[in-house]
Amino acid sequence: MQQAKEALAIYQEKKSTGELILKSLGLHPVANVFWRVEISEPEEAVSLNDLHVMHASLFGYHSLEELKVILNKLPCWYAAQLEELLTMFPTWQGLVHFTGILHISFSDGNKLQDLSRQTFYTTLCILMNDMLRSYLELDSLIGLSIHTDRTLELIEKEQVTFENKLKEYILCVSSGELAEHLKTDWNFPKVHLWQHAVWDIQKKGVACNYSTRPNEKMHSLLKDAYQDHSNRKDVASQVLCVNHHCLAMKLIRTQIDAEADCAQEDYNDNGIDCKDNKDILTSFNGHVKLGSLQLPKSIQMISSDHALQQEFQGFHQKFTRFTNQCIPIYLSCDWSSWKDISFAEMFELWEHGYLKVNYKSRVDWQQATDYL
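As numbered in this note's numbering, the sequence shown has no gaps in its residue numbers, which increase by one up to the final residue, 378.
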């Protein structure tokens, strides 16, 4: 801030000299209103907002648009293969699942974060995108809920990697056939803002402390109320009335969902009534629970039902090998005394469609729960 004040003072004395100094600092000859606050450093209060700097901007507004241009210039089967892979991408709790990429035009940074993860892995079969890989590494590291000296060191190293990959990408684009369609000038503020990520974390804590992610689309309901439920005159009372109704319905819905979730969890954890499976529940009575029991199927029937799926080719042999490798480890048996188990074609298996696992997180060393 002191530099800006001195540069503005020089500009007021001699315009030509002051312009050069202000330009080198990336500033305009305008007095900052925050300078009136004594003993303050407003520039240091500005923090990295990963939602808008990374997910909505670097990926959503720039990298994603670049990918769309490349796919539009390639034969149609590339885009078709990509969207097929997106559809097949595995789902897990808290992940928004996408089935397409070419016609996405929304600006929700939370959803763009999920899309960035899926896009990288699905494009590996089509494009080698090292820049996007480095971006995801930085996104994961910066978004950690606890940081150590080691993680901050990894961020600094990966930032250098990203800069190098970005330079390689720009060089490749500039000398390629799509130079006029793709971005060759990546010199804009949001590319450089995350260079301050480590400083922000050291001074202000983890990135979630100053992220706008929780408030993303916070005013969308008020905007819809104004557009769809008001006459554009004296709107305050009309919008507040609609907002009150929405909050009342949300409260009722939350209570109904909480009751339904509680009932469903009790069913999943304890819903196996078959006596033959008591030993299964007992063996998983620690940090792992099974639920959603399906009807029994023979090995032969499973192989027949999934004959067209590559994963089930040689299912009988794979299951036998897996069992003989894992059970001795699980039971802590002596390998020399273990005798391999064989299974007949009509041997029946009980499938469980639900798995709940409590485990110690390697991110914050606290207990976490995952559902599959």
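The beta carbon of each residue, even a glycine, is placed where N, CA and C say it ideally should be. Predicted, not measured: the structure shown is a model, and the values here were computed from it.
Query                                                                                                                       : Result
Opening and closing residue of the beta strand (DSSP E) in which His-358 lies                                               : 358-366
Val-248 to Leu-228 span [Cα, whole Å]                                                                                       : 8 Å
Three-state class that DSSP yields for Asp-285 in the structure shown                                                       : Any reading at Asp-285 must be qualified, since the residue scores a pLDDT of 40, below 50, and its modelled position is unreliable; no value is offered.
Identity of the residue in Leu-121, Glu-174, Leu-138, Ser-217 nearest Leu-57 by Cα                                          : Ser-217
Residues near His-103 by beta carbon distance below 6 Å, same chain, minus five either side                                 : Thr-97
Per-residue burial, His-61 [other beta carbons within 10 Å of its own, 16 or more giving buried]                            : buried
Residue span of the beta strand (DSSP E) that contains Gly-297, given as start and end                                      : 294-299
Distance, Asp-240 Cα to Ile-148 Cα                                                                                          : 45 Å
Proximity to Leu-142 [Cα-Cα], best of Thr-128, Thr-154, Ser-122, Ile-152                                                    : Ser-122
Exposed unless 16 or more other CB atoms sit within 10 angstroms - verdict on Glu-164                                       : buried
Cβ neighbours of Ser-53 in the same chain (closer than 7 Å, five flanking residues each side left out)                      : Asp-206, Lys-210, Tyr-216
Run of the beta strand (DSSP E) containing Gln-208, from where it starts to where it stops                                  : Careful: Gln-208 lies outside any beta strand (DSSP E), inside the alpha helix (DSSP H) at 203-210.
Rounded straight-line distance, which links the Cα of Asp-155 to that of Gln-201                                            : 17 Å
Spatial distance of Val-179 from Ala-13 (CA atoms)                                                                          : 38 Å
Thr-288 burial status per 10 Å Cβ neighbour count (16 or more: buried)                                                      : Low local confidence applies: a pLDDT of 35 at Thr-288 is under 50, so the model's placement there is unreliable, with the coordinate-based value given in what follows. Exposed is the call here.
Residue interval of the beta strand (DSSP E) (run including Thr-157)                                                        : From DSSP, Thr-157 is part of no beta strand (DSSP E) but of the alpha helix (DSSP H) over 155-180.
Cα-Cα separation between Asp-279 and Gly-100, rounded to whole angstroms                                                    : Interpretation of Asp-279 is limited by its pLDDT of 47, a score under 50 that renders its predicted location unreliable; no figure is taken from the coordinates.
At least three beta-carbon pairs within less than 8 Å, the stretch 19-28 to the stretch 159-175                             : no
Residue interval of the beta strand (DSSP E) (run including Thr-375)                                                        : 373-377
Asp-234 burial status per 10 Å Cβ neighbour count (16 or more: buried)                                                      : exposed
At least 3 beta-carbon pairs within less than 8 Å: the stretch 295-310 vs the stretch 330-339                               : no
Buried versus exposed, by CB contacts within 10 Å (16 or more), Val-294                                                     : exposed
Exposure of Ala-231, with buried meaning 16 or more beta-carbon neighbours within 10 Å                                      : buried
Distance between Lys-117 and Asn-38 (C-alpha atoms, nearest Å)                                                              : 35 Å
Beta-carbon proximity list for Cys-82, same chain, < 8 Å, skipping 5 on both sides                                          : none
C-alpha gap between Gly-24 and Ala-254, whole angstroms                                                                     : 58 Å
Local Cβ density within 10 Å of Asp-370, reported as buried at 16 or more and exposed below that                            : exposed
Every unbroken alpha helix (DSSP H) inside the stretch 242-275 [4 residues or more]                                         : none
Start-to-end residues for the alpha helix (DSSP H) that takes in Gln-319                                                    : No alpha helix (DSSP H) holds Gln-319; DSSP gives it neither H nor E.
Cβ-Cβ distance between Ser-151 and Cys-214 below 8 Å                                                                        : yes
Cut-off 8 Å between Cβ atoms - residues of its own chain near Val-245, not counting five sequence neighbours on either side : Leu-228, Ala-231, Tyr-232, His-235, Ser-236
Residue of Asp-376, Leu-355, Thr-329, His-358 minimising C-alpha distance to Tyr-365                                        : Asp-376
Classification of Val-363 by the beta-carbon crowding that lies within 10 angstroms, buried from 16 upward                  : exposed
Spatial neighbours of His-153 in its chain, beta-carbon cut-off 7 Å, leaving aside the 5 residues before and after          : Ile-207, Val-212
Residues that DSSP places opposite Ser-304 in a beta bridge                                                                 : Glu-354
Within 8 Å, strictly: CB atoms of Leu-77 and Tyr-84                                                                         : yes
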